[in-house]
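In what follows, a single structure is set out as structure tokens and then discussed.
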Amino acid sequence: MKRDKTLKTLRALAGALAVLLAAGMMAVIGGAAPAAALDGPGITGHVVDADTGAPIAGAEVTVYCYYEEDWGEGPYGYWSLCYTNANESEWLTTTTAADGTYELPTSADTYRLGVRPVGSDYPEAFYGSNAGTVGDGADIAVTDGPVTADLQLVRNSIISGTVTGAGAGPLAGIRLEALAYDEPYGWDNPVGFAKTATDGTYQMHVPAGTYRVLFNSGDRSGEGTPPVDSDDRWERAYHGGATVEEATDVVVTRGSTVPGIDRELAEAPNGIISGHVASTTGEAIAGLVVTSYKFYEEDWGDGQVHGFWESYRQVSTDADGNYRLYLPAGDYRVGFRQDSRNDQDPILWQAEFYNDATTVKAAETLTVALDETRSGVGAVIAANGQIAGQVTDDSGRPVSGTYVTARQLVDEGSGTVWDGVASARTGEDGSYRLHVPNGSYRIEFKDHETGLVTEYYDNATSIEQATDVVVAGSAVVSGIDAALSQGGSIEGTVTVAGSPTGDINVFLYANEGGDWTFTSDLSVDESGHYAFDGLRDGAYRLRFAPGESAAIGEYYDNASSLSEATDLVVSGANTLTADADLTAGTSIAGTVTDESGEPLRGIDVSLYQAQDDGSGSVWWDSVGWDTTTTTGSYSFDGLAAGATYRIGFVDNEGNFAREYYRDAATVERATDVIAGESGPIDVALASDAGAEVITGAVTDDAGNPVAGVTVEAYRTDTWDEAGSVTTGADGTYRLDGLRAGPHQVSFSLNDDYLYTDEEPYRLVDVVAGTAAVEDLQVHVGGRVTGTLRDADGQPIRDAYVTAYTADGFEWSGQGYVEVDGNYTVRGLPSGTYRLEFTSNAGHRPEWFSDKSSFDEADVVTVNLRETTTANAELALGARATGVVTHHDGTPHAWEYVMIERDGGSGWEYTGEAWTDESGRYATGALDPGTYRIRADAYDGIHVTTFSKEFTVTDAEQVVRDIQMQRPVVTNTAAPTIEGTGIVGEKLAATSGEWDTDGVTHTYEWLRDGQAIDGAVAETYVLADADAGHRVGVRVTATKEGYVAGNADSQTISVSHGPLVSSQPPVVTGVPKVGETLGVDPGTWSTDGVTYGYQWLRDGEAIAGATGASYLLNPNDHGHTFSVKVSATKETWEPGTAVSKPTVSVELGDLVLEPKVAGDVRIGSTLTASTDAPAGATVTYSWQVRSPAAEPSADTFKEVGTDASFEVRDRHKNYALRLVVTVVADGYKTATVPVDVSDRLR
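According to mature numbering (1 follows the signal peptide of the UniProt record, and there is no 0), the stretch in the sequence shown is residues -27 to -1, 1 to 1214, in order.
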């Protein structure tokens, strides 16, 4: 049985504590047999006392499954808890009833079973004959129904005694262990545990067996969390001896009690640091952890020595706030902190180091001598600050159970992470409170149960966008609230060949900035259903990966890769459905045995498939692994039928030779295996021990034997170590037990005065039946030693010394500086040399003694079997350091960066530096000048990236971090838009031109530079909302391994189109001189139009005639008139329309109203007037009629033609009238009579 357990797994191996069970301690009754208690597949049985048959009630019965993983060191298989839910928080377990029975429903599979009784009367046990661990247990095969697995447990025996302290009487709280012998680790298997009572007595429950008892052990029982150290005041000792090897066996028989295993412990040779811890208000703080720290120096494999303070011993303050630390003589620093069992426990007190320091580096060093007490090492601890708030949903209702975490940016060496500092869950009212030290935090709100979207304060979607919450001292920062929105969901059902299975894992990827980033995973339930909820808006993709089922994985929707998968776009609280039906695959399986046919367990089996990079280069890549079971079996499932593979077998214990099917030493020489066509692939591995020999001798130039030279052999086809020996007193060596084949033999001289001119690494073809002989001749020389220090007298550790011949400048040897600053250049022929000192720690190089060049250097003499001393002091120079990371933040590890200097006419290479595992680099000393650091990956993913330039003049220490960039898809010709900018018209985008082939284009239409919701197609139909704005398109070009590029098209102005007159304008009014013409503008495309006018005479515009009316004047006589109407409206293009012309303008009609002023009587003067157009000719005719005349017009006689008329006596009794005549251009002549008087008096 095999499970791909790449999900978030609890990697602890349940049952890792081996319990030695004596013969008969646990028996299996009848083996696993069919049972009928369960309705369906499962395991049922009884747990009883092996001696009395009495049921054992309340025992925890747990089912174990077999898992396989690769933790970076090859595949690894193990038995661990069977989980019953996707997030692996619940496992398959039950407890026995009062009658000792249990029932565990399972699916059809192979399992193992463990039982843990309550208390210590019985040992933890596993189903199988004398199985002390789950690995030793027996398989239980469950098919279509229940099986029975009964267990008989033997009651533990007892070891008892009393522990006292020299001069102190009974000791309480001393921990003990009963140790059993376990190959290959010896007496180091703790089986029983106990802790002394207040009177010093203890009882330790153990199975029958032979033990050695350890007094004053640390806590390995699991009781202490975190584990509790031994009592440092007292010695750590064994029953009957000071060491486990000297200890006396304690033999325990079945059902017995072995009393009198007593021990008086002596005080350990210690000094003491003691003190009192109180709060700022003076109250004692109990239970605070007080930790001592020691300084260590180590070489971490990077050629540099690292110094650090590491915790050594710790105690807790008592009820009065006091503590005592028992320590060996030495230098220490002391820290005070509150401990917690998990991140939900509030940390009420700020951490501190003696004396009032915030870090261990800044703490005061305390020197402790044996039997000395350093008292008064106390602390006044301030309370932590607090962050408080409330979490609601977007409707304002409180949300309980939300996880609220305060995160802080932490540099872990390989990069920075937002580490959780404190965490709490909201209460029923949605409130929370976090206790945190001084600092700046970002707050995460994550709900695991109700589908609410994770959020960061203040309303941010990522921690990078979150708002800092700064806590100073013990202050309370309140009001850090969050209103979480309901997220979207993606759910579906996964089947294999149409049938549901619960053995499918679903992986969710989110599109973040163009990259598909793994977000979450889960397993489908028994019906094949899965659901991701609490998803924020965005695009997602899915991968379906079979676990143990023989199905072929895929990406949604029927895609073979993530890049080809179909997007699932979540918006709001919608639920998307994504079902999948996976294709059933085939298997490759077989059995691995030794040459006698015995099955081999724990053999790593790797599955290889040919890969082609497209250039014709083919290699075999590992695509699967398995570990053989107790029966030697292995299998690879979910393979495509007809696919070609090769298989390799490796024994990590080194007992059997590496092999590739069939009987090949390398995968390139292996035999092809066709999935679904080849039968069982069984192999019998040969023992790794061979019968061949490599032998030889090492002598000096006088022919004398040289002892102590290390000779090693490796097989060059696998690079497995084949043997290692040291030359004896006669200078000879013998590497035997080798198998025939190619080997590399290396010689390591372990004498500082020896050197060789011969090649110390040699290829040797070991032939069956023939001993290979490899000799080495060495020479005797001298050596140079010394010390490198800086200007402060401190040792320079990361440096090396090179010896050159004094007369020829030939490289002769090199020595690296050790932790203490000392170096040795070994095996130099006798002669004269000049020495160069080079520092990798930023010191300026120099030549011995304090010279700047080879020619100036002092000469040193080396004699046979003598040591020449040459010390140096190096001055610190300018230096650049930094961290180089890839675009995703992973370190650019174990690569070199180039140092370039501005040479005036260009950048010049001046050196290089190597990055370590975290991507950190450090240059050597730099001469004055301007520099930059260049990083290249040569991986086809990243482009050459440069640091920011910097200038140094003396000894500046410059930091230049580099984040390498992927190539960017660059636009070389902008996208364009085709179409008309009128609402309702369709615009089409062209993608433009880009500097990279094979790109994928996406489109985003913009209105005044802002994205138009949902407008992401290659075409776009202009909507009403676009009118009055400028519309363009942004094209994004993406390609796997490249940073997406984008470019904007030109923009076009959008309107509703031109205003069109559907009913033309009409001129109103009478076309006569003196009349006013008006206009009816007609009907246009829309309402709300604004009009403008231009009057036309005979089709020609009349200057200034732009009103809505026009007064016809004499000049207009005989002409026709029309009007041009201009229509405008916002978001529309202007329109014009011209009316039909009028008929020719006729002469106007003068309307006269003459007036006569004055008294109408004899002797007065009358004055006539009348209105007339400007320029008109006005004539007056005063006429009288005799009283005797007949009253008719022709009887009047004209008596005056002036505007004024004097009435005389002679006109007495005459009738008087006035006739006014007006002649004007453009008008008809008008004559109007006015009766002035019918009889003058």
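Note that CB positions come from ideal geometry on N, CA and C, so glycine has one too.
The beta carbons of R514 and D552 sit no closer together than 9 Å.
Per DSSP, S803 is not a residue of any beta strand (DSSP E), being assigned neither H nor E.
Each residue's CA atom was taken as its position, placing K1045 and V1039 some 17 Å apart. Nearest Cα to E641 within the set T949, G621, G294 and D318: G621. Annotated as proximal: G850 and R817, with beta-carbon spacing under 9 Å. For G902, same chain residues with a beta-carbon under 8 Å away, outside a window of 5 residues either side, are R874, D875, T924 and V925 in chain order. Per DSSP, the continuous beta strand (DSSP E) segment holding N478 begins and ends at I477 to E485. Within 10 angstroms of the beta-carbon of D1122 lie fewer than 16 other beta-carbons, which makes it exposed. With respect to the 9 Å criterion, G754 and Y777 are not classified as neighbours on the basis of their beta carbons. The secondary-structure analysis by DSSP pairs I354 across a beta bridge with S252. By DSSP's assignment, I906 forms a beta bridge with I872.
Contact fails between the stretch 134 to 148 and the stretch 103 to 118, because fewer than three Cβ pairs, one in each stretch, are under 8 Å apart. Contact annotation, L238 with E208: C-beta distance approximately 5 Å; criterion of less than 8 Å satisfied. Looking at the backbone, the Cα of V350 and that of G244 are separated by about 14 Å. For N162, the enclosing beta strand (DSSP E) covers residues G159 to K168. If the five residues before and after D94 are omitted, its C-beta is found closer than 8 Å to the C-beta atoms of R128, N129 and H178, all from its own chain and listed in chain order. Excluding five sequence positions before and after D293, the CB atoms of its chain that fall closer than 7 Å to its own CB belong to A257, given in chain order. Only residues of its own chain outside the window of five on either side were considered, and among them none has a CB closer than 6 Å to the CB of E437. A residue is called buried when at least 16 other Cβ atoms come within 10 angstroms of its Cβ; G742 does not meet this threshold and is exposed. For V1046, there is no enclosing beta strand (DSSP E), as DSSP marks it with neither H nor E.
Counting C-beta pairs closer than 8 Å gives fewer than three between the stretch 683 to 696 and the stretch 759 to 770, which falls short of the contact rule.
L761 is classed as buried because its beta carbon has at least 16 other beta carbons within 10 Å across all chains shown. A straight line joining the alpha-carbon of A352 with that of L261 spans about 11 Å.
According to the DSSP assignment, H19 belongs to the beta strand (DSSP E) that extends over G15 to D22. When C-beta atoms of the stretch 864 to 884 are compared with those of the stretch 838 to 849, fewer than three pairs fall below 8 Å, so the two segments do not count as touching. Secondary structure of L847 (DSSP, three-state): strand. Under the criterion of beta carbons closer than 8 Å, N478 and S496 qualify as touching, at roughly 5 Å.
In this structure, the straight-line span from the alpha carbon of V857 to that of G511 is close to 31 Å. In this structure, DSSP gives Q938 an extended state, which the three-state scheme calls strand.
Its chain contains T699, T700, N723 and D724 as the residues whose beta carbon lies nearer than 8 Å to that of G681, once the 5 sequence neighbours on both sides are disregarded; these appear in chain order. Beta-bridge partners of R933 (DSSP): none assigned. Nearest C-alpha to V217 among V164, G280 and L152: L152. For E537, the secondary structure class from DSSP, reduced to helix, strand or coil, is helix. Residues of the same chain with a CB within less than 8 Å of the CB of I576, apart from the 5 flanking positions on each side, are V565, T600, T601, G605, Y607, F622, V623, D624, F629 and L658 in chain order. For the pair Y503 and E464, the CB atoms are nearer than the 9 Å cut-off. With distances taken between CA atoms, V790 lies nearest to V757 out of W784, V757 and P802.
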